[in-house]
Structures are given as C-alpha cells and as structure tokens.
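Asks: Chains as they are written, first to last, in our numbering: chain Y, 2 to 117; chain G, 140 to 380. All C-beta atoms in this analysis are idealised placements derived from N, C-alpha and C, irrespective of residue type, glycine included.
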Amino acid sequence: MLRESSQRSGTLDSLNLQSTVNPDADSGVPQGSLLTAFAEAAVRQTDALPGLREQIKSELGVQELVDAAGVVANFQRMVRIADGCGIPLDEFTKDATDDVRGELGIHEYASAANTA
Amino acid sequence: MTTTAATFSYADTSWPVLERTAAAHRRSWQMLAAPGEWWTGAERISIAAECRRASAMVDGLPDPGAGPATLPEAAVYAIHKLIGDLPNVTREWYDETISAEGMSDAHYIELLGVVVHVWSVDEFHRALEIELEPLPDPLPGEPTQIRPTGAKAHGSWPPTVWPDDLDERDADIYGGADRAANVRAAMSLHPDSVRWLSDLFDAHYLSWIEIQDVQEPFRVLTRPQRELVAARVSALNECFY
Chain Y
2 MLRESSQRSG TLDSLNLQST VNPDADSGVP QGSLLTAFAE AAVRQTDALP
52 GLREQIKSEL GVQELVDAAG VVANFQRMVR IADGCGIPLD EFTKDATDDV
102 RGELGIHEYA SAANTA
Chain G
140 MTTTAATFSY ADTSWPVLER TAAAHRRSWQ MLAAPGEWWT GAERISIAAE
190 CRRASAMVDG LPDPGAGPAT LPEAAVYAIH KLIGDLPNVT REWYDETISA
240 EGMSDAHYIE LLGVVVHVWS VDEFHRALEI ELEPLPDPLP GEPTQIRPTG
290 AKAHGSWPPT VWPDDLDERD ADIYGGADRA ANVRAAMSLH PDSVRWLSDL
340 FDAHYLSWIE IQDVQEPFRV LTRPQRELVA ARVSALNECF Y
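#1: Quick one: what's got a C-beta closer than 8 Å to residue 45 (chain Y)'s C-beta in the same chain, skipping five residues either side?
#2: By a C-beta neighbour count over all protein chains shown, 10 Å radius and 16 as the cutoff for buried, is residue 108 (chain Y) buried or exposed?
#3: What number of angstroms, rounded off, separates the C-alpha of residue 52 (chain Y) from the C-alpha of residue 157 (chain G)?
#4: Please work out which residues of its chain come closer than 8 Å, Cβ to Cβ, to residue 184 (chain G), disregarding the five sequence neighbours upstream and downstream, and give them in chain order.
#5: Answer yes if the segment 240–251 of chain G comes into contact with the segment 313–332 of chain G, meaning at least three C-beta pairs across the two stretches below 8 Å, and no otherwise.
#6: If you draw a straight line from the C-alpha of residue 84 (chain G) to the C-alpha of residue 370 (chain G), how long is it?
#7: Give the residues of chain Y in contact with residue 256 (chain G), contact being defined as C-beta atoms less than 9 Å apart.
#8: Are residue 88 (chain Y) and residue 321 (chain G) touching if we call contact CB-CB under 8 Å?
#9: Taking DSSP as the reference, what is the three-state secondary structure of residue 274 (chain G)?
#10: Looking at the C-beta of residue 378 (chain G), does it have a partner C-beta in chain Y at a distance below 8 Å?
#11: Alpha carbon to alpha carbon, how far is residue 364 (chain G) from residue 297 (chain G)?
#12: Quick one: any contact between the segment 70–78 of chain Y and the segment 36–44 of chain Y, if contact means 3 or more CB pairs under 8 Å?
#13: Inspect the beta-carbon positions of residue 253 (chain G) and residue 5 (chain Y) and report whether they are closer than 8 Å.
#14: Taking the alpha-carbon positions, what's the residue 221 (chain G) to residue 250 (chain G) distance?
#15: Helix, strand or coil: which one does DSSP assign to residue 160 (chain G)?
#16: Candidates G:151, G:179 and G:162: which alpha carbon is nearest residue 283 (chain G)'s?
#17: Under DSSP, the alpha helix (DSSP H) around residue 378 (chain G) begins and ends at which residues?
#18: Who are the Cβ neighbours of residue 22 (chain Y) in its own chain at under 7 Å, not counting the five residues just before and after it?
#19: Check the Cβ of residue 167 (chain Y) against every Cβ in chain G and list those closer than 9 Å, keeping chain order.
#20: Between the beta-carbon of residue 36 (chain Y) and the beta-carbon of residue 368 (chain G), is there less than 8 Å?
#21: Can you list, in chain order, the residues of the segment 214–248 of chain G whose Cβ is nearer than 7 Å to any Cβ on chain Y?
#22: Under 8 Å between beta-carbons, which chain Y residues line up against residue 326 (chain G)? List them in chain order, please.
#23: Chain G partners of residue 70 (chain Y), CB-CB under 7 Å?
#24: Which word fits residue 336 (chain G), buried or exposed, when buried means at least 16 other C-beta atoms lie within 10 angstroms of its C-beta?
#25: With distances taken Cα to Cα, identify the nearest neighbour of residue 12 (chain Y) among Y:50, Y:28 and Y:86.
#26: Considering only residues of the segment 310–375 of chain G, which uninterrupted beta strand (DSSP E) runs meet the minimum length of 3 residues and lie entirely inside it, listed in chain order?
#27: Which residue marks the beginning of the alpha helix (DSSP H) containing residue 220 (chain G), and which one marks its end?
#28: Using a C-beta cutoff of 8 Å, does residue 59 (chain Y) count as contacting chain G?
#29: Against chain G, with Cβ distances strictly below 8 Å, would residue 111 (chain Y) count as a contact?
#30: Find the nearest neighbour of residue 343 (chain G) within the set Y:92, Y:82, Y:102 and Y:78, judged by alpha-carbon distance.
#31: Distance, Cα to Cα, residue 281 (chain G) vs residue 177 (chain G)?
#32: According to DSSP, simplified to helix, strand and coil, what is residue 229 (chain G)?
#33: Of all Cβ atoms in chain G, is any one closer than 8 Å to the Cβ of residue 64 (chain Y)?
#34: So which residues of chain G does residue 101 (chain Y) contact, with C-beta pairs closer than 8 Å?
#35: Measuring CB to CB, does residue 211 (chain G) end up less than 8 Å from residue 188 (chain G)?
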C-alpha cells in the first residue's frame, strides 16, 4: 500500500522502503521520520512519546497527530488478527510484494512460517 | 473498575478526536459488554480486564493459574500471548489452545476479537496519553453458541466463511462484497468480530471501500504518510502479513 500510494502520488522515486524496518533510514515521505519515530514510541511506549506528540503537533498539526494515533491503534489490532489466525498472504499481495519482502528481511520474521 | 455507561468523551482532552471515532469507541464498549456466541458478557469483560493486565506486564507471559478463575487457564495464557508474545504465536500453540479445557476454535476467535478491539481502543488512548475508559458492566444473557454453517478451511488456522458461504443472518459482514481479504475474513467464525473490526477499522484508519482508492487521502494524513505509519507498526510487531 505504501509503494502503491507513493506511485499514485508521484513520489515513488524518492520512497525508501528500508525506513519501515530501519528507523535511521529516510523514507522520502514528508515528515516520514517523525511519523515512524512516533509509531515506534507509541508501540514501545517509550519516554520519547510526549516529545514526539508535541513535535507532530507543531510540524504537522494536532489533527494529523490524532490521525496518526488512529493508524497506530488500527495496526496494533490488525497484526494480532493476522498472526493470531495464521492467515495466508492474499495471492495479489504475494505476487506484488515478494521482492520487497526479501529486500527488507521480512521473510526472516518468525511469523513468516505461519503465513507462507 | 467497570461502569454502566461508556462516555468516551474527549472534550476534556487536548486532542480533537473526531466524533466518528468516539462513537465507534462507545459502540465497542456496547459490543464488549453483551454476551457473545461463546462467552458471557461477564467473561468478555474478564477477557478485557486480563488484556489490560497483559499490556502492563513487563515479561509478557503469566504464571500458570495466575489469571481470573472466571476464565479457562488456556484463555488467560492466550490473551497474554497475543498481547505480549506475538512473534512466537505458532500453529502448534494455536492447536493446543483450542484443544484445551473450556476452549474451541470458536471460543478462541471470539476471545481474539475481544482482545484486539479492546487493545486497539486502549492503544489509541495510550498514544495520546488519554486515561483508559473504565470497562463496562456486563449485560446479562447466555452465549448463543451459533456457529456459521459455511465455515470451511481456507488456509487460515481457524475455519473462515467466504462471502458465498455466508448464512442469511450474517450476509452483511462484508458489506455486500463478493470477496474479502484474508485478514478481513480471519475472524468470520465469529461474525460479530468481523462487524466490530469493520467499525473500528473505519474509525481508526479507512473504510474497506476507501482503502481501495490509494490516491485519495480521505483523512488529514496523506496516503503515503498513513501507509508508512502502518508499515512501521507492522514491522515493529514482526508481522509477515
């Protein structure tokens, strides 16, 4: 979805998918580093979270912060449904993302054995 | 702590939480309190309470017998596993869990539905440092024990129901779509969990219709920003799907 939405918005050339697995990588998405740092702090509940909230509020806006919190909450749910049920990859997803999964090391996740 | 009426009033917080989100959270607590197909309302509240205990534990998994007496031990362990040890959830563990005393595949899926939705609402609150909503008082009634007749093996661990196999009473769960992504169908052994999923999915992220149009942002973050956050959360959880 990230790759496809970047393609449609004309920013695919600057997109760096490594940023999804490596917090030090620049995503190429505007304010992407800030958003991924917020996501990590929210998931891990680290001490950085209050400061990142303020930074997003200042650089993006307060509604964007609430929107980002919703996306975090949503995917904290979706990953548990997927891994809790051992769902197989949808065929179109498998075909479209196999190369990227290899590059990002996602095939090495323990949950890969459940969904392959 | 429980309460009779969930307010999910965000007026006294610093954040402009949309009414559609607040309303979905209130509906979540109504669904949580009601008896399900396989668990009573009181048992569902116990599952939610254990979910909160699990999220507060540092080392993830409980000692045997440490959970509430109202739930089977395998249910308590499953709650903690799903919250605190997700990368190590395996097919073998799933098979052991649904075979344990007081459990079945349908019990597991309804439990999963309660866990993930309560967890998700709570995670929204934690991300914004909003106090957690008290759990609701359970509603009376017995589980219906109605199992979808069209549930079949489709590759996921539990049986699932594809759109063509839905019973009439569950015909709405995919919004009339003639196909459903595996993650959407994953909990279809307990159709109310699919309804609950769609409601919160829309409130927190996008609707199942909106997600198909990757060009439109629909909300305030751009689509690439939204998908980047989604991908990062998935990676942090080591989710292959």
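Replies: Put simply:
#1: Against the first sequence, residue 45 (chain Y) aligns to sequence position 44. Same-chain partners within the cutoff: there are none.
#2: One-based indexing of the first sequence puts residue 108 (chain Y) at position 107. By the 10 Å Cβ count, residue 108 (chain Y) comes out exposed.
#3: In the first sequence, residue 52 (chain Y) corresponds to position 51, counting from 1. In the second sequence, residue 157 (chain G) corresponds to position 18, counting from 1. Rounded to the nearest angstrom, the two C-alpha atoms are 23 Å apart.
#4: Here the question's residue 184 (chain G) lines up with position 45 in the second sequence. Hits under 8 Å: 141, 171, 172, 274, 275, 276 and 277.
#5: yes
#6: Nothing in the structure corresponds to residue 84 (chain G), since chain G is present only between 140 and 380.
#7: Translated into positions along the second sequence, residue 256 (chain G) becomes position 117. Here the neighbours are 78.
#8: Here residue 88 (chain Y) refers to the residue found at position 87 when the first sequence is read from its first residue. Here residue 321 (chain G) refers to the residue found at position 182 when the second sequence is read from its first residue. The answer is yes: Cβ separation under 8 Å.
#9: On the second sequence, residue 274 (chain G) is found 135 positions in, with the first residue counted as 1. DSSP places residue 274 (chain G) in strand when its eight states are reduced to three.
#10: As a first step, residue 378 (chain G) is located in the second sequence; it is residue number 239 there, counting from the start. Closer than 8 Å to some Cβ of chain Y, the Cβ of residue 378 (chain G) qualifies, so yes.
#11: Numbered from its first residue, the second sequence carries residue 364 (chain G) at position 225. Numbered from its first residue, the second sequence carries residue 297 (chain G) at position 158. Taking the straight line joining both Cα atoms gives about 33 Å.
#12: yes
#13: To locate residue 253 (chain G), count along the second sequence from 1; it is residue 114. To locate residue 5 (chain Y), count along the first sequence from 1; it is residue 4. It is not a contact, given that the beta carbons lie outside the stated cut-off.
#14: Counted from its first residue, the second sequence places residue 221 (chain G) at position 82. Counted from its first residue, the second sequence places residue 250 (chain G) at position 111. Residue 221 (chain G) and residue 250 (chain G): Cα-Cα distance of roughly 10 Å.
#15: Walking along the second sequence from the start, residue 160 (chain G) turns up at place 21. Here residue 160 (chain G) sits in helix by DSSP.
#16: Here the question's residue 283 (chain G) lines up with position 144 in the second sequence. Here the closest residue by C-alpha is G:179.
#17: Residue mapping note: residue 378 (chain G) aligns to position 239 of the second sequence, counting from 1. Where residue 378 (chain G) is concerned, there is no enclosing alpha helix (DSSP H), given that its DSSP letter is neither H nor E.
#18: Against the first sequence, residue 22 (chain Y) aligns to sequence position 21. These residues qualify, in order along the chain: 105 and 106.
#19: Residue 167 (chain Y) falls outside the range modelled here, since chain Y spans only 2 to 117, and no answer is possible.
#20: To locate residue 36 (chain Y), count along the first sequence from 1; it is residue 35. To locate residue 368 (chain G), count along the second sequence from 1; it is residue 229. Yes, they are a contact pair.
#21: 221, 225, 226, 227, 228, 229, 230 and 233
#22: The sequence position of residue 326 (chain G) within the second sequence is 187, counting from 1. Residues of chain Y passing the Cβ test: 82 and 86.
#23: For this step, residue 70 (chain Y) is matched to residue 69 along the first sequence. Those are 263, 266 and 267, listed as they occur along chain G.
#24: Along the second sequence, read from residue 1 onward, the residue named residue 336 (chain G) stands at position 197. Per the 10 Å Cβ criterion, buried.
#25: In the first sequence, counting from the first residue as 1, residue 12 (chain Y) sits at position 11. The shortest Cα separation from residue 12 (chain Y) among Y:50, Y:28 and Y:86 belongs to Y:28.
#26: none
#27: Translated into positions along the second sequence, residue 220 (chain G) becomes position 81. Run containing residue 220 (chain G): 212–223, per the alpha helix (DSSP H) assignment.
#28: In the first sequence, the residue the question calls residue 59 (chain Y) occupies position 58. No - not a single Cβ of chain G is within 8 Å of the one on residue 59 (chain Y).
#29: Taking the first sequence and counting its residues from 1, one reaches residue 111 (chain Y) at position 110. Residue 111 (chain Y) counts as touching chain G.
#30: Mapped onto the second sequence, residue 343 (chain G) falls at position 204. It is Y:78 whose Cα lies nearest to the Cα of residue 343 (chain G).
#31: Translated into positions along the second sequence, residue 281 (chain G) becomes position 142. Translated into positions along the second sequence, residue 177 (chain G) becomes position 38. Approximately 9 Å, taken between the alpha carbons.
#32: On the second sequence, position 90 is the one that residue 229 (chain G) refers to. Of the three classes helix, strand and coil, the one that applies to residue 229 (chain G) here is coil, per DSSP.
#33: Counting from one through the first sequence, the residue named residue 64 (chain Y) turns up at place 63. It does: the Cβ of residue 64 (chain Y) has a partner Cβ on chain G nearer than 8 Å.
#34: The count along the first sequence starts at 1 and reaches residue 101 (chain Y) at position 100. In chain order: nothing, as chain G lies at least about 10 Å away.
#35: Numbered from 1 along the second sequence, position 72 holds the residue referred to as residue 211 (chain G). Numbered from 1 along the second sequence, position 49 holds the residue referred to as residue 188 (chain G). No. Outside cutoff.
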